[in-house]
Amino acid sequence: MRYTPNTEAERRAMMDVIGIEDVAELFTDIPAEHRFPDLQLPDPLTEMEVVWEMNELAGENATMSQLASFLGAGAYRHFVPAVVDMVISRNEFYTAYTPYQPEISQGTLQAAFEYQSMVAALTGMDVANASHYDGATAVAEAAIMAINVARLKRKKIVISPSVNPMYRQVLRTYTQGMGLDIVGDEKNENDFHALLDLCDNDTAAVIVQNPDFLGQLHSPEEMQDLADAVHAHKALLVVATDPIALGLFTPPG
-15 MRYTPNTEAE RRAMMDVIGI EDVAELFTDI PAEHRFPDLQ LPDPLTEMEV
35 VWEMNELAGE NATMSQLASF LGAGAYRHFV PAVVDMVISR NEFYTAYTPY
85 QPEISQGTLQ AAFEYQSMVA ALTGMDVANA SHYDGATAVA EAAIMAINVA
135 RLKRKKIVIS PSVNPMYRQV LRTYTQGMGL DIVGDEKNEN DFHALLDLCD
185 NDTAAVIVQN PDFLGQLHSP EEMQDLADAV HAHKALLVVA TDPIALGLFT
235 PPG
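Letter by letter, the sequence shown follows residues -15 to 237 in the numbering used here.
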């Protein structure tokens, strides 16, 4: 979008309306010594000098290639093949929005198809979505889907405290105003039995994470028992997971 500034005549007309002679009068509430303070910045550096300086600063840190990492919370050490940088530099990967002109967006559609195919293979599911921004919004959308599956007759969502806290916050923000009762994460008790105790005839979904925020991995048998118990309440089980982990662990499908 081009920047089209106001003309001098337009600026003068606006200043006449509000009764000022100079634009600087709009900032008189800010003390003069704070309007354009001396920032005391060092002399400018060339790009190469900046790279050198940043590398020297970074060299003072220990990296995950030198030490074992126990950061957790999704900050895991992943190997990213060099071809990934080349592929994601293509135009069809620059946006998460769905194309509305398929005749000129075949590359985007191909990328979405490949992504959905890979996710379906990893999860063992028949279908996969390709229109969510991230895992947090996917969890929120799953909760809303569960509410809709229940035809809005169930308004309770039970969520484990071991689910990523950012996911839980997005869920509450996303569903604000929908009249939902989101419970289960008031106490830091990573116990599926405690979640099931909260289930009743008003429960639409139970949300857990595997591997969870604390790095704990729940066994396939444990997950199946949980699913059976949740389904006995005619509710849905929502599982947030790391798709890469599904290449090693038993997938939900």
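Virtual Cβ for every residue (Gly too), placed ideally from N, Cα, C.
Keep in mind that this is a model prediction, so the values were computed, not measured.
Pick from the options that is closest to residue i, judged by C-alpha positions
i    : options                 : result
L221 : A229, I228, A211, P227  : A211
A216 : F63, P235, D181, V35    : D181
I166 : D175, N148, A188        : A188
P204 : F233, A229, D6, Y(-13)  : F233
G58  : S115, N148, K140, T(-9) : N148
C183 : M162, A213, D226, G119  : A213
Y117 : Y151, D110, A134, Q94   : Y151
F197 : Y60, R(-5), E(-6)       : Y60
Cβ pair residue i, residue j closer than 8 Å
i     : j     : result
S146  : Q193  : yes
V154  : A124  : yes
I191  : I143  : yes
P28   : T107  : no
G56   : G199  : yes
A96   : A114  : yes
E(-8) : M(-1) : no
7 Å Cβ shell around residue i - same chain, five flanking residues per side excluded
i    : result
I128 : T159
G119 : Y151, A224
G163 : K139
First through last residue of the beta strand (DSSP E) which encompasses residue i
i    : result
V224 : One detail in the question is off: residue 224 reads as Ala in this sequence, not Val. Start and end: 220 to 224.
I141 : 140 to 143
Enclosing alpha helix (DSSP H) for residue i [first to last residue]
i    : result
I191 : Segment 187 to 193 is the beta strand (DSSP E) holding I191; no alpha helix (DSSP H) there.
V67  : 66 to 72
D209 : 204 to 216
Cut-off 6 Å between Cβ atoms - residues of its own chain near residue i, not counting five sequence neighbours on either side
i    : result
A130 : A188, A189, L220
N172 : P145
Where residue i falls, given that 16 or more other Cβ within 10 Å makes a residue buried
i    : result
K140 : buried
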